Structure formats: structure tokens, C-alpha cells
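One structure is given below, encoded as C-alpha cells.
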Amino acid sequence: MELFKNEFGQLIGFPVSDWHGADLPDGNTLTGEYCQLIPMDINNHGDELYKCFCEPFNFSDWTYLPGPAKPFKDKMEFISYLRNISNGVDPYQFSIIDIRSGKAVGSIAMMRIDKDNGVIEIGYVIFSNFLKKTRMATESVYLLIKYAFEDLGYRRVEWKCNNLNEASKRSALRFGFTFEGVFRQAAVIKGHNRDTAWFSMLDHEFMKIKPNFEAWLSVENFYPDGKQIASLDTKKK
């Protein structure tokens, strides 16, 4: 990386010309080959999200999420939870819609939005059993990263998780995020300590791996039974 100095001979960061900040999420629907991300509408998506998350309810899915400390007692309590996390612009919640069925099968959010500095985080990633380890799961994250960089103008997208959440850390690396370190004793979640693992992706890094995402998501990359032909390679060249 090229080094820059000010008039005092001190090293400073590279210039960011004509920076005016990024935009907030604007209510658009993000459409891919297999799924859509639609701004969460409890009236339209609440019942479907309850069915895919809670019938049956697997509480182990919520261990590392900022959700309930005990199972939801009924649909009313679940809908109340959804309203609490989707009532505003940060976090900005999306329902993940299966294009084939038209039903909501998960949710994902943009959060800790810092439009002045161009930093945004992907979080509240809640995949139902209909979504886990599918093309839709990968595409939903890709669509949100692409939206952040190409449409909203962010410079940095973050992924954070409990450092004990090995599945989330593997996912971050698979999606092309770079591990930056662990913030120790960063939070207390459900009465337990949380060390937070930090990952990031920068705008110029995404442009390098975007073709890899598109190639992997192509229909031609899958056998008729749904198995992938080539794996997703997001190693930065």
C-alpha cells in the first residue's frame, strides 16, 4: 500500500476524494436467482417466519443470537420479538423469500449503520431449516454485500459474532471476509460473557470476488440433484 505523509512528515491514510458519506437502506427489494430480500413486513411475513422458525422450535439456533433467553411461549410473543427488532432503520431487517415458493424462510439485517464513515454490519442472520446450507443462504448474504457496496456506497462491511460461534466464523471466511481479531469481554449476552470476533470486507475486495460469487450462484454450477459442481472460492488474489 502506498504511504502518504502530511506537511509535518507524519504518515497519514490515503486520500478519499469527494467523500460525502453513504446512503441509508432505501426500502428496495433485492432480487437474486433463488431468493429475494424484502424489507421485513410483520403483517405479510410474520406468520411464515413463525412457522419456519418455531414449528418446530430449535432453541439451539438462538444460542448466539440476540434473541430470547428461553423459547417463545406462543406466536404472539414471537411476533412481538419481530416487531421489536424491526421497528426502525437500525437494525434494518429483511425477510428472505424463497422465489420458488414465495414464502419467507429466514431473515437478515443491516445494522450499526455509520453512513458518515461508510461502515455497515451484516447481522441478525437467522436461517431456518429451509434455508441452511442452500444456494439461497449464500445468495442472501451476497445480495446484501452487493447492495451495501454498489447501491448504498459503503466502504466497509462488517461481520461480527460470538468468538465461540464456529459456524458463523467459518461462514464469514467462506463469504470472503477477513478476520481482524477478537474484542475480549465485549458484551454480556443472556447472562454469559461474549468475546466478539470481528471480520470485514472492503469495497475494492468485493469487486475482486464478485465474479466468484456470480459463478458459484450460476444455475450451471449445480447438478440436477442440487449438489454444487465447483465450490465457492473467495480468496482474495
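As numbered in my numbering, residues 488 to 724 make up the sequence shown, in order.
Idealized CB from N, CA, C, for every residue including glycine.
Just so you know, these numbers come straight off a predicted model, no measurement behind them.
Could you say if the stretch 530-545 and the stretch 609-626 meet the contact criterion of at least three C-beta pairs nearer than 8 Å? Output reads yes: the stretch 609-626 touches the stretch 530-545.
Rounded separation between Pro-512 and Leu-490 - CA only: Translated into the one-based positions of the sequence shown, residue 512 becomes position 25. Translated into the one-based positions of the sequence shown, residue 490 becomes position 3. The C-alpha of Leu-490 is placed about 34 Å away from the C-alpha of Pro-512.
Within the same chain, show all residues whose beta-carbon is closer than 6 Å to that of Val-628, passing over the 5 residues directly before and after it, in chain order. What you label residue 628 is simply residue 141 of the sequence shown in a count that begins at 1. Closer than 6 Å at the Cβ level, and outside the excluded window around Val-628, lie Phe-662.
Helix, strand or coil, according to DSSP, for Asp-687 in the structure here? On the sequence shown, residue 687 is found 200 positions in, with the first residue counted as 1. One point to set straight first is that residue 687 is Ser, not Asp, in the sequence displayed. The answer is strand: DSSP assigns Ser-687 an E or B state.
CA nearest to the CA of Met-488, picked from Phe-501, Gln-497, Asp-712 and Gly-496: On the sequence shown, position 1 is the one that residue 488 refers to. Of the listed residues, the one whose Cα sits closest to Met-488 is Phe-501.
For Asn-530, three-class secondary structure by DSSP: To locate residue 530, count along the sequence shown from 1; it is residue 43. Three-state result, Asn-530: helix.
If you scan the stretch 566-591 from start to end, which runs of the beta strand (DSSP E) of 3 or more residues do you find wholly inside it? Correct list: 579-585.
Where the beta strand (DSSP E) containing Glu-667 begins and where it ends: As a position in the sequence shown, residue 667 is number 180, starting the count at 1. First-last of the beta strand (DSSP E) with Glu-667: 665-676.
Is the CB-CB distance between Phe-686 and Ala-717 below 8 Å? Position 199 of the sequence shown, counted from the start, is the residue given in the question as residue 686. Position 230 of the sequence shown, counted from the start, is the residue given in the question as residue 717. No, they are not a contact pair.
Would you kindly work out how many angstroms separate the C-alpha atoms of His-679 and Thr-550, rounded to a whole number? Taking the first residue of the sequence shown as position 1, residue 679 is located at position 192. Taking the first residue of the sequence shown as position 1, residue 550 is located at position 63. Between His-679 and Thr-550, the C-alpha separation is close to 11 Å.
So which of Gln-580, Phe-544 and Ser-655 has the shortest CA-CA distance to Gly-514? Here residue 514 corresponds to residue number 27 of the sequence shown, with the count starting at 1. Nearest option by C-alpha distance: Gln-580.
For Glu-626, report the span of its alpha helix (DSSP H) as first-last. As a working note, residue 626 is residue 139 in the sequence shown. Element bounds for Glu-626: 622-633.
Note the first and the last residue of the continuous beta strand (DSSP E) segment covering Glu-608. Position 121 of the sequence shown, counted from the start, is the residue given in the question as residue 608. That run of the beta strand (DSSP E) goes 606-614.
Is the CB-CB distance between Gly-640 and Ala-509 below 8 Å? Residue numbering aside, residue 640 sits at position 153 when the sequence shown is read from its first letter. Residue numbering aside, residue 509 sits at position 22 when the sequence shown is read from its first letter. Against a cut-off of 8 Å, the Cβ pair of Ala-509 and Gly-640 comes out as a contact.
Within the same chain, show all residues whose beta-carbon is closer than 6 Å to that of Ser-655, passing over the 5 residues directly before and after it, in chain order. Taking the sequence shown and counting its residues from 1, the one referred to as residue 655 is at position 168. If we look at Ser-655 and ignore the five residues flanking it on each side, its Cβ neighbours are Cys-648.
In the DSSP assignment, the beta strand (DSSP E) including Glu-645 goes from what residue to what residue? One-based indexing of the sequence shown puts residue 645 at position 158. In this chain, the beta strand (DSSP E) harbouring Glu-645 covers 643-649.
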